[in-house]
Structure formats: C-alpha cells, structure tokens
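Participant: Remember, the numbering used here sits 315 above the position in the sequence shown when you count from 1.
We put the beta carbon where it would ideally sit given N, CA and C, even for glycine.
Small disclaimer: the values here were computed from a predicted structure and weren't measured.
Here you go, one structure.
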Amino acid sequence: MFCPDCRTEYRQGIEQCADCGTHLVAVLEPLPPPQPGQDWVPVRTVSSETEARLIEGYLESEGIPCGLVSRVFHAEPVAFGSLGRVQVHVPAQHRDRAHQLLGKLEAQERQTGSVGDISADC
Ligand SMILES: [Zn+2]
C-alpha cells in the first residue's frame with residue numbers, strides 16, 4: 316500500500332498514512348514527467364528591431380513562440396551605419412521548423428526583390 320501524498324510504502328492491511336493521515340492506495344499514480352527547461356536558441360540576427368518584429372510575427376503566426384534579444388556591438392564603427400543587431404530566439408525544440416519557415420520567407424522576399432539585410436550566420 317502507498318500514501319498518494321508522501322509516496323511512502325506501507326505493509327498490506329494498513330489503511331492510513333502514519334505521516335499525513337491520507338487514505339492509502341494500492342497503486343501509486345505515476346508522477347507527471349518533469350517539465351524540460353526551455354532552451355532558447357537564436358535563429359536569425361537582423362539589423363533592426365522592425366525586421367525582428369516581422370520575423371517574430373511570422374513565426375508566432377505559425378505557432379512558434381519568439382523572443383527578441385538586442386545586441387549592440389560597440390566595436391562596430393557608427394559611421395558604418397550599424398545600430399546594433401537584434402537576435403530572434405525560439406525554443407530549441409522549434410529551431411528546425413523556424414529555420415524552415417524563415418528559409419521559405421526569405422525565398423519569397425528574394426522573389427519580390429525586397430530582401431532585407433538578414434544574415435544567415437547563426
Ligand atoms: Zn503520507
């Protein structure tokens with residue numbers, strides 16, 4: 316016999332847990348599986364938040380949660396026109412699908428000639 320609350324095992328014939336007074340059961344329900352921690356990985360780095368928001372909106376419309384991380388590289392010369400970089404992050408389990416979707420999106424953009432400055436280095 317088992318206590319469903321504190322999961323202590325008891326001899327046959329005992330009906331109440333000595334620790335918490337809960338009625339014992341013959342079989343314990345399995346514990347729910349541990350929640351895997353969500354690892355977020357970058358799928359795209361873009362040069363503006365506007366572009367990042369576009370990608371975020373696109374991925375979220377496909378059911379993939381997104382997070383934006385701003386990265387400002389102070390080493391880059393300001394005269395070069397760099398305002399920093401925005402990384403689009405997705406949960407690791409959605410990475411492959413996000414890459415597929417972004418590949419499709421960028422193929423469309425190339426066809427319409429409105430390709431942004433999206434680097435594929437990550
Ligand atoms: Zn108990």
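Which residues bound the beta strand (DSSP E) around ARG400?
Facilitator: By one-based count along the sequence shown, residue 400 stands at place 85. Start and end: 400 to 406.
Participant: Can you name, in chain order, every residue of its own chain whose Cβ lies under 8 Å from the Cβ of ARG368, other than the five neighbours on each side?
Facilitator: As a first step, residue 368 is located in the sequence shown; it is residue number 53 there, counting from the start. Hits under 8 Å: LEU383.
Participant: Are the Cβ atoms of CYS381 and VAL405 separated by less than 8 Å?
Facilitator: Numbered from its first residue, the sequence shown carries residue 381 at position 66. Numbered from its first residue, the sequence shown carries residue 405 at position 90. Yes, the Cβ-Cβ distance between CYS381 and VAL405 is below 8 Å.
Participant: For GLY382, which of helix, strand or coil comes out of DSSP?
Facilitator: For this step, residue 382 is matched to residue 67 along the sequence shown. GLY382 falls in the strand class under three-state DSSP.
Participant: In the DSSP assignment, find the unbroken beta strand (DSSP E) run with THR360 in it and report its ends.
Facilitator: Reading the sequence shown from its first residue, position 45 is the one you call residue 360. Residues 355 to 361.
Participant: Over what stretch of residues does the alpha helix (DSSP H) that includes HIS414 continue unbroken?
Facilitator: Counting from one through the sequence shown, the residue named residue 414 turns up at place 99. From DSSP, the alpha helix (DSSP H) with HIS414 extends over 410 to 427.
Participant: Starting from ARG326, follow the alpha helix (DSSP H) in both directions and report where the run begins and ends.
Facilitator: For the purposes of this step, residue 326 is taken as residue 11 along the sequence shown, with counting starting at 1. First-last for ARG326: undefined, no H or E at that position.
Participant: In chain order, what are the residues with a CB under 7 Å from some non-hydrogen atom of ligand 1?
Facilitator: Those satisfying the condition are, in chain order, CYS318, ASP320, CYS321, THR323, CYS332, ASP334, CYS335 and THR337.
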